[in-house]
Amino acid sequence: MRALQAPPDSNKRPLSGWPGRWGWAAIALTLLVVIVVRVRLLQVPLERDEGEYAYMGQLMLEGIPPYKLAYNMKLPGTYASYASIMAVFGQTAAGIHLGFLFANLAAVALLFLAARRLLDAEHAVVASICYALFSMSPGVLGLEGHATHFVVLAALAGLWLLLKARTSARLWTYGWSGAAFGWSFVCKQPGIFFCLFALAALLVDFIRAPREGKRKSFGNAAIFACGLALPFLLTCLLMAMTGVFGRFWFWTMTYAKAHAGLLARDEGWANLQAFVRNSGVMRWSWAAAAIGLLCLALDRARREAGAIIGALLIFSLVAFTASFYFSRHYFIMALPAVCLLIAAAVRRAARSMGEAVPAAGFALLCAGFIFANRSLWFAQSPEQVCRAQYGGNPFPEAKVIAKYIEEHSKPSDTIAIMGSEPEIYFYAHRHSATGYIYMYDLMQKHRFALDMQQEMERQIEAANPAYLLIVYVDSSWTFSAGSNKKALMDWLGRYWGQHYEMAGMAWMMPDRTEYVWSKDAASRNYDTNLRVAILHRK
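Residue numbering for the sequence shown follows the numbering used here, starting at 394 and increasing by one per position.
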């Protein structure tokens, strides 16, 4: 990879300017589409990851640190981001999605600024339009506020500041760039690969610097490294000060490492195939990006930019593939590089054919992308959008169930959910009786699983929760051939029978959900196995 360090005269060279009126018009029209779609769908029910971030953020707003009452392997940057959003826009699904709209628009703006410095204003227009549309595509589950969006937001801020530092030669800009990349890692562990991308670029800068410039290059890298380490070091300090460092380290480092190595090669291959099948029209963006990569490789005038974008693509794809889970929203981390490459392909066509034809072709492709997603973006209700993307998962039902619990319990009561539906804790404004808000971790084949199950059982018994929910949805458990579930299910049967009785049942069918609030709810017969049992303490 060529160095990010600019040539000696680069500080005197102005930027390529700003887009003309047609460029601004195209960006404005695209952002209008984004705003209309996201505002229309503010009420889309929270899915599991969003429920986790919202519940953790809610606890933080109550003064309770992460990993004290709820455990997960993710670093807490996204929890803090959610807490900030909810502090401004309110503790509702609509408030979260409204705050996330502003985060998404900020990412579009940062990609524009980075592309303008790296290439030129025309490339920046194309790249930012692509990112605005792709990042809300169902192919990457983009309508939801996943952690990967916040990883990319911070990484784009770091990239823009790093590019700015090379032209301004301001030492502290390197420090701020490092801090932004460091926050990308604190939002979620795969952000470390964006940090490695920046460190690799600075290492090349140092190697390529002339002898008289090596001291300055080393100083830049040192300040960057200090900024890079600061977010994580402050996080560790805060976890220690709040008394949860042990839990924090176990979940985010020890267990996270074990979790990352759970999948076998054939499982990873199956996940990749599922990603390709479910990505929809997004798969065509990969072909366009490949063309853009070839165009940059052949463009002698943009060799440095091509090397930087190529390196960004490599590190982004490593972040996407590292754990072999290949969840659709993981691909969001590769979108900035993909969009920059598509911009390179479009602009190369413009230089070869003139502006009119490539511009018209790009406009038609954007219109076609919007048309392909028209039903989800413009026609379906928020609940239908949720069903279209997540099938029979009980995300719309979570609101109804949580409202019932909130109305029939005291704020001091706890609830326990045998399943992975943390959004219910958030909606109900009730604490979990156990720190294990996901059953995934207990059902996977690793050396901690049995100890986790037993600790969860002890926590629930000690908390004496007012309500016990049992989720009969496979995706809320993710059983596998190696799941050690017999002991847990035996305990659940005994505990339920001794202390709880039926309060209601939510039966989820393709066309509707039936709620039955009575002791006889379990005796009803509906043509579905998907249901949530709501039990209250005797």
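C-beta: ideal position from N, C-alpha, C; glycine also.
Its Cα nearest to that of residue 698, the residue 517 stands out among 775, 840, 517. Residue burial is scored here from C-beta neighbours: residue 838 has fewer than 16 other C-beta atoms within 10 angstroms and is therefore classed as exposed.
When rounded, the separation of the alpha-carbon atoms in residue 868 and residue 695 is 47 Å. In terms of Cβ geometry, residue 545 and residue 521 do not form a close pair [threshold 7 Å]. From the listed residues 536, 611, 470, the smallest Cα separation to residue 490 is found for 536.
For residue 882, no beta strand (DSSP E) segment is defined; the enclosing uninterrupted segment is the alpha helix (DSSP H) at 879-892. Contact fails between the stretch 410-425 and the stretch 441-454, because fewer than three Cβ pairs, one in each stretch, are under 8 Å apart. By the criterion of a C-beta distance shorter than 8 Å, residue 581 is surrounded in its chain by 467, 468, 470, 471, 540, 541, 543, 544, once the five residues flanking it on both sides are discounted. In the DSSP assignment, residue 807 falls within the unbroken beta strand (DSSP E) covering 807-811. Residue 832 holds the alpha-carbon nearest to the alpha-carbon of residue 878 among 832, 729, 726.
Here residue 840 carries a coil assignment [DSSP, helix/strand/coil].
DSSP, read as helix, strand or coil, puts residue 490 in helix. Residue 455 carries a coil assignment under DSSP once its states are collapsed to helix, strand and coil. DSSP places residue 832 in the coil class of the three-state scheme, outside both helix and strand.
By the 16-neighbour rule on beta-carbons within 10 angstroms, residue 792 is buried.
In the structure shown, the three-state DSSP call for residue 745 is helix. At least 7 Å separates the beta-carbon of residue 590 from that of residue 711. Apart from the 5 residues on each side of it in sequence, residue 717 sits with its Cβ closer than 6 Å to the Cβ of 656, 661 in its chain, given in chain order. As DSSP reads the structure, residue 909 sits in a beta bridge with 898. Using a Cβ distance threshold of 7 Å, residue 675 and residue 530 count as a contacting pair. Between residue 727 and the set 840, 610, 714, 594, the nearest pair of CA atoms involves 714.
By the neighbour-count criterion, in which 16 or more other beta carbons inside 10 Å mark a residue as buried, residue 903 falls on the exposed side.
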